[in-house]
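Counting in this note's numbering, the sequence shown runs without a single skipped number right up to 372 at its last residue.
Don't be surprised by glycine CBs; every beta carbon is placed ideally from N, CA and C.
Below: the structure, in structure tokens.
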Amino acid sequence: MKNNREKTIVKTSIISICANLMLVGFKATVGLLSNSIAIITDAVNNLSDALSSIITIIGTKLAGKAPDKKHPYGYGRIEYITSLVVSAIVLYAGVTAFIESVKKIIAPEEVDYNVTTIIVLIGGIIIKFVLGLYVKKKGRTIKSDSLVASGADAFNDAILSISVLTSAIVYMIFNVNLEAYVGALVSVFIIKAGIELIKESINNVLGTRIESSLAKSIKKEVLKEKNVKGAFDLVLNDYGPDKYLGSIHIEVEDTLSVADIDKISRRITKQVSQKYGVILHTIGVYSINTKDENIIKAKKEVEEIVFAHKEILQMHGFYLDINDKTLSFDIIIDFKAKNREKIYREIYDSVQEKFKNYKITITLDIDSSD
């Protein structure tokens, strides 16, 4: 499966490279002959696309290296680094083209459009639309964000090429020279795309919140186990596209044996791995007290204190030991809360006041998944 994904990315990228280099050749020639900064800028955009595809291939190959002692989780994150390099190239191409376009606006030069120019531009638009459809489809098939983004970029390029074509037609019919302004407009779109790509790449390197649909689906799968009463603290570590290792806590009744919990954990690990390709290397356990009415009552009292604060998203892992006089539980406070530390302190003080003789431990969990 992994090898097929890599081969598809490489093959699709090679096709994209060939198509873009062909367009670069035609557009650069026509742009130079017609003295059109708009067409030359369009050619530069295609060149940056070709370079991006080359770097994508290099990144995919490096990311596919087998794990070793120094990098036991593999090299998948290299794809995020290469994406950052691609983003920088796109941004540089956009800024350079914008500067040249502004120069042409300040000091306009005559252009020489002809039928060949129009044919090359129309051909480029058609190729970009077809390429966009192909690359996007392949990206969705193998769940490659880079290919999906490349496909969307090809569509945007086609739209920008339409603006260049329009300026050429306007000049040929009305003798109004808009091409420097169109070149600047194309440059702005390239710069915008570069900035967005940089933001996305940086987010991938830093680590972002688990995709809501994936988190909910995994928790739903875990809760299919009849003895599992709750699923909390899902954490997924991203080691490259579609490569997740993580952990989760399950809530079960205290009547289950260690053997029962072991079977449940193994089934959960197997099902989640097969269905979502996610490896849950750790499954922690919270026990629900079903025997002591005093503990059940204490839990309800704590819940009333905690959920009196509207900023609380979740409370779980409640544990009370009457003999040791210890009470602990976890809470999740919304990131939108203005003063999370203050809310935590208010809850702690209220619980301590209610249970004066107990040692209170409240863990402030991270809101890492839906």
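- Query: By a C-beta neighbour count over all protein chains shown, 10 Å radius and 16 as the cutoff for buried, is Val32 buried or exposed?
  - Reply: buried
- Item | Contacting residues, own chain, Cβ-Cβ under 6 angstroms from Phe357 (five flanking each side not counted) | Leu329
- Item | Local Cβ density within 10 Å of His251, reported as buried at 16 or more and exposed below that | buried
- Query: Taking just the CA atoms, how far does Ser54 sit from Ile16?
  - Reply: 11 angstroms
- Query: Could one say the Cβ of Ala45 lies closer than 7 angstroms to chain C's Cβ atoms, at least one of them?
  - Reply: Here chain C cannot be found, since the structure has a single protein chain.
- Glu223 versus Lys272, Lys29, Glu111 and Asn116, residue with shortest Cα-Cα distance: Lys272
- Query: What are the start and end residues of each continuous alpha helix (DSSP H) run of 4 or more residues lying completely inside the segment 35-87, in chain order?
  - Reply: 39-65
- Message: Residues in the same chain with beta-carbon distance under 6 angstroms from Ser267, minus the five sequence neighbours each way, listed in chain order, please.
- Response: Ile285
- Relative to the alpha-carbon of Ala99, which residue among Val304, Phe191, Lys312 and Ile144 has its alpha-carbon at the smallest distance? Phe191
- Task: Specify the secondary structure class of Asn296 as computed by DSSP and reduced to three states.
- Result: helix
- Task: With Thr118 as the anchor, note down where its alpha helix (DSSP H) starts and where it stops.
- Result: Val117 to Ile144
- Message: Alpha carbons only, please: which of Tyr360, Ser203, Leu315 and Gly126 is nearest the one belonging to Ala339?
- Response: Leu315
- Please confirm whether Ser36 and Tyr115 have their CB atoms less than 7 angstroms apart. yes
- Query: With Ile39 and Glu181 assumed to form a contact (beta carbons below 8 angstroms), what rounded beta-carbon distance in angstroms separates them?
  - Reply: 6 angstroms
- Item | Cβ neighbour criterion (16 or more within 10 Å) applied to Val304 | buried
- Separation of Glu198 from Asp323, as counted between CA atoms: 52 angstroms
- Query: How far does the beta strand (DSSP E) with Phe331 in it reach, from first residue to last?
  - Reply: Thr328 to Ile335
- Item | Cβ shell of Gly61 (< 6 angstroms), same chain only, five flanking positions each side left out | Ile80, Glu81 and Thr84
- Task: Return yes when the Cβ of Leu162 is within less than 7 angstroms of the Cβ of Val188, no when it is not.
- Result: yes
- Where Val26 and Val46 are concerned, what is the direct C-alpha to C-alpha distance, given to the nearest angstrom? 7 angstroms
- Reference Ile334; option with closest CA among Ser275, Phe309, Asp351 and Tyr241: Phe309
- Query: Cα-Cα, which of Asp351, Asn179 and Lys67 is closest to Ile108?
  - Reply: Asn179
- Message: With DSSP as the reference, identify every bridge partner of Asn239, one or two as the case may be.
- Response: Leu247
- Nearest neighbour of Tyr346, chosen from Ser370, Met317 and Tyr321 [CA to CA]: Met317
- Query: Leaving out the 5 sequence neighbours to the left and right, which residues in its chain are closer than 7 angstroms to Thr292 when beta-carbon positions are compared?
  - Reply: Glu255, Asp256 and Thr257
- Locate the beta strand (DSSP E) running through Phe320, then write down its first and last residues. Ile314 to Asp323
- Query: Taking the Cβ atom as the reference point for each residue, do Ile164 and Ile127 lie within a distance shorter than 7 angstroms?
  - Reply: yes
- Exposed or buried, what is Val184 when buried is set at 16 or more other beta-carbons lying within 10 Å of its beta-carbon? buried
- Message: Taking only three categories from DSSP, how would you classify Asp155?
- Response: helix
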